[in-house]
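Trainee: Numbering (our numbering), first residue to last: 8 to 522. Dropping a structure here in structure tokens format, bear with me for questions.
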Amino acid sequence: MWSRHQLQELRTATACRLDNATKGPYRPRKELKDDDGIADLDKWLNQKVILTNAPPGSAKHKGRVTACADHRSAEPVFTVTFPDETKENVSQSVLRLPVNCLTNQVLKILLLGSLRPSSPLSALRTPGGLLLHRISLMIIDGWNDQISHRPKAEGLLVTPKLRDLYLEGRRGWLNERSPPTDDRLQPAFVVCHDMLEFPPFTGDVRVNMLPIRMGDEKSLPKHLRAYQKLIDMCPIHPSERGKIGYLTVHESEVGQGETQRRGGLHTEKMGGLNLSGEKGFSPAIQHHWGIGLFHYPDVYVGGLYIANSVDNSCEVFDAVVGDDIIGPLGDLEHVRDLLGKTGTPIQSGQLVWMTDRTPHGALPQPKSGRRQFFRLVAGPVSHWFADHSTANPLVPLPDDVQVVRGDKFMMVGQTWKGKESRDTGREEEEGKGKKEGGETERKLEASQQLSAEGGETELQLPGPWPPVSASSSSAAASASADGAAAVAGGGVGGAVPSLSFESLQEAEGRFCDAV
8 MWSRHQLQEL RTATACRLDN ATKGPYRPRK ELKDDDGIAD LDKWLNQKVI LTNAPPGSAK
68 HKGRVTACAD HRSAEPVFTV TFPDETKENV SQSVLRLPVN CLTNQVLKIL LLGSLRPSSP
128 LSALRTPGGL LLHRISLMII DGWNDQISHR PKAEGLLVTP KLRDLYLEGR RGWLNERSPP
188 TDDRLQPAFV VCHDMLEFPP FTGDVRVNML PIRMGDEKSL PKHLRAYQKL IDMCPIHPSE
248 RGKIGYLTVH ESEVGQGETQ RRGGLHTEKM GGLNLSGEKG FSPAIQHHWG IGLFHYPDVY
308 VGGLYIANSV DNSCEVFDAV VGDDIIGPLG DLEHVRDLLG KTGTPIQSGQ LVWMTDRTPH
368 GALPQPKSGR RQFFRLVAGP VSHWFADHST ANPLVPLPDD VQVVRGDKFM MVGQTWKGKE
428 SRDTGREEEE GKGKKEGGET ERKLEASQQL SAEGGETELQ LPGPWPPVSA SSSSAAASAS
488 ADGAAAVAGG GVGGAVPSLS FESLQEAEGR FCDAV
């Protein structure tokens with residue numbers, strides 16, 4: 008979140024820029040035919056934007072928007088250059104930032120909008136890019152304030168003191184279970200065991216968020232009871248036994264370079280979703296998936312446990328993030344550069360406990376083969392997505408869990424359709440409501456879901472931009488990750504995620520309204 012002082016400073020700087028837009032050194036660049044060729048934004052991106060490691064000032068930078076990584080710096084530093092409006096595209100304005108503007112969906116809107124003469128964001132373009140640099144740093148500082156880097160669990164010598172966190176408008180149990188995000192002794196993840204043995208691979212097991220009664224083997228369907236020994240290995244707090252947990256098991260063949268589960272950096276705690284079914288702003292609804300508290304040693308409350316059977320196919324970061332930077336469905340690709348170059352890869356047989364605010368993500372599988380994935384959410388959840396989850400006829404959902412029907416990816420305008428996007432076959436049929444007992448469903452129908460019209464992705468300003476709409480898109484997350492990899496690896500001509508002209512205009516409008 009920006010402080011009141013920062014917002015006032017930004018408004019003042021923008022107002023001065025607008026007042027001087029027609030005189031002095033701030034004279035706007037001459038309007039060219041067809042909006043300087045930027046009306047066809049996809050074509051313009053291909054012609055004008057490159058990713059390169061060539062040093063600033065070289066011929067490759069003339070008349071282009073470029074980004075390159077500075078490998079001489081210990082911390083990630085990306086140099087972005089773009090034409091200087093006062094010198095007919097010969098001289099370059101340079102931004103040195105810890106985030107790559109061309110792969111970050113928030114900063115890219117700011118940068119590209121400032122370069123387009125017809126955009127209201129062009130008022131932010133000053134000689135040398137000083138105002139643009141200042142605003143970008145303010146945004147990045149706001150993200151950094153929401154990231155709490157944590158120590159390794161084995162380095163802790165004291166027990167974190169648990170304290171209540173009272174949040175207005177939240178359910179009572181959240182006051183008891185919410186982890187203090189400012190407690191730097193609270194680890195982000197812990198390796199509980201490193202010699203876990205999976206049951207024999209069948210290739211016929213796939214359930215997602217199946218409600219079970221923790222500690223009660225009889226609450227498991229028969230075809231899943233081979234996984235009871237993995238559940239028993241989870242050091243669940245005694246106060247959690249007998250309560251409802253949520254089991255995910257996925258067995259499948261995975262090709263080389265592919266991911267079995269959802270790719271991209273994310274948390275299990277989701278950002279706000281637009282469940283009203285209407286476009287535009289809707290109040291953010293927070294989604295909790297286990298929360299998680301750590302008592303040293305080897306005592307955990309809530310959180311989630313994950314394990315898999317393939318080395319280096321998942322990574323987790325030593326950090327816990329705040330609500331304000333968590334995007335829809337937990338997306339965190341916009342802050343990847345701020346978390347460090349790489350996370351800690353999880354090895355086969357390791358059982359890892361983490362909070363629902365811990366950044367993690369699937370990695371491309373090193374080679375083709377069988378993979379088994381296990382996850383147990385041992386804490387409370389606020390929402391259960393029926394179209395993506397598996398019902399258990401033996402265990403009804405708790406009454407305080409809201410059941411959401413509809414495609415959760417369409418609810419935020421995403422077009423990503425990975426292997427986790429919708430369970431198929433038996434699990435999908437079971438997920439449509441085979442529940443018994445006196446369970447109370449609070450159905451939140453998403454009747455008018457956001458969709459991608461005309462085959463073009465609708466870009467929405469991502470969640471970390473309060474007070475803009477909490478409904479946002481991270482459809483280009485995987486493409487952004489590819490672009491970041493190209494920069495880090497020294498590739499030239501790396502792909503930049505494509506945007507439609509109308510989508511950029513809409514995003515710019517919301518951006519300016521927020522300012």
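Yeah, the Cβ is synthetic: ideal placement off N, Cα and C, and Gly gets one too.
(1) According to the Cβ coordinates, are Q153 and D330 closer than 9 Å?
(2) On the CB-based measure, 16 or more other CB atoms within 10 Å of its CB, does Q379 come out buried or exposed?
(3) Where does E275 land, buried or exposed, given buried means 16+ other C-beta within 10 angstroms?
(4) For T209, tell me which candidate among C241, H257, T266, L237 has the shortest Cα-Cα distance.
(5) How should T110 be labelled, buried or exposed, when 16 other C-beta atoms within 10 angstroms of its C-beta is the threshold for buried?
(6) For Q263, which of G222, V197, Q372 has the nearest alpha-carbon?
(7) Between I333, L119, N215, G310, which has its C-alpha nearest V359's C-alpha?
(8) Please return the same chain residues whose Cβ sits closer than 6 Å to the Cβ of P206, not counting the five positions on each side in sequence.
(9) Please state whether DSSP places A393 in a helix, a strand or coil.
(10) Taking DSSP's pairing of strands, which residues face E224 in a bridge?
(11) Name, in chain order, the residues that DSSP records as bridge partners for C321.
(12) Nearest to Y253 by CA position, among R103, V402, V84, is which residue?
(13) Just checking, does the segment 383-403 make contact with the segment 214-221 on the three C-beta pairs under 8 Å criterion?
(14) Within 8 Å, do at least three Cβ pairs link the segment 314-323 to the segment 114-133?
(15) For the alpha helix (DSSP H) that contains I142, what are its first and last residues?
(16) Taking DSSP as the reference, what is the three-state secondary structure of P268?
(17) T365: which of I332, L117, L237, V106 sits nearest, CA to CA?
(18) For S375, count neighbouring C-beta atoms within 10 Å of its own C-beta (all shown protein chains included) and say buried if the count is 16 or more, exposed if not.
(19) Measure the C-alpha to C-alpha separation of S476 and K236 and round it to an integer number of angstroms.
(20) Just tell me which of L144, L345, T255, Q267 has its CA closest to the CA of N399.
(21) I'd like the ranges of any beta strand (DSSP E) spanning at least 3 consecutive residues and lying wholly in the segment 201-259.
(22) Check for me: the beta strand (DSSP E) holding L383 runs from which residue to which?
(23) Can the beta-carbon of G149 be found closer than 9 Å to that of L102?
(24) Exposed or buried, G249, counting other C-beta atoms within 10 Å across all chains shown (16 or more means buried)?
(25) How long is the line joining the alpha carbons of H367 and R157, rounded to whole angstroms?
(26) Pick helix, strand or coil for A195, following the three-state DSSP scheme.
(27) Work out the CA separation of S226 and L119 for me, nearest whole Å.
(28) If we ignore side chains and look at the alpha-carbon of each, how far apart do S246 and M361 end up?
(29) Once DSSP output is grouped into helix, strand and coil, what is the label at D407?
(30) Express the C-alpha separation of I243 and V384 in angstroms, rounding to a whole number.
(31) Who does R132 pair with in a DSSP beta bridge?
(32) Could you tell me the alpha carbon to alpha carbon distance between V87 and L104, rounded to whole angstroms?
(33) Over what stretch of residues does the alpha helix (DSSP H) that includes L358 continue unbroken?
(34) Am I right that L336 and M277 are in contact with their C-beta atoms under 8 Å? What's the rounded C-beta distance?
(35) Contact check, V106 vs F85 under 8 Å by CB: the rounded distance?
(36) Alpha carbon to alpha carbon, how far is F196 from V317? Give it in angstroms, no decimals.
Mentor: So, from the data block:
(1) yes
(2) buried
(3) buried
(4) H257
(5) buried
(6) Q372
(7) G310
(8) A233
(9) helix
(10) Paired residues: none, contrary to the question.
(11) A369
(12) V402
(13) yes
(14) no
(15) 137-152
(16) Checking the displayed sequence, the identity of residue 268 turns out to be Arg instead of Pro. Three-state DSSP puts R268 in coil, outside helix and strand.
(17) I332
(18) exposed
(19) Residue placement at S476 cannot be trusted, given a pLDDT of 29 that sits under 50; what the coordinates show is reported in the next sentence. Cα to Cα, the separation comes out at about 44 Å.
(20) T255
(21) 213-220
(22) 376-384
(23) no
(24) exposed
(25) 14 Å
(26) coil
(27) 54 Å
(28) 18 Å
(29) coil
(30) 10 Å
(31) DSSP, once it has assigned bridges, lists no residue as partnering R132.
(32) 8 Å
(33) Counting along the chain, L358 falls outside any alpha helix (DSSP H), though it belongs to the beta strand (DSSP E) covering 358-361.
(34) 5 Å
(35) 7 Å
(36) 19 Å
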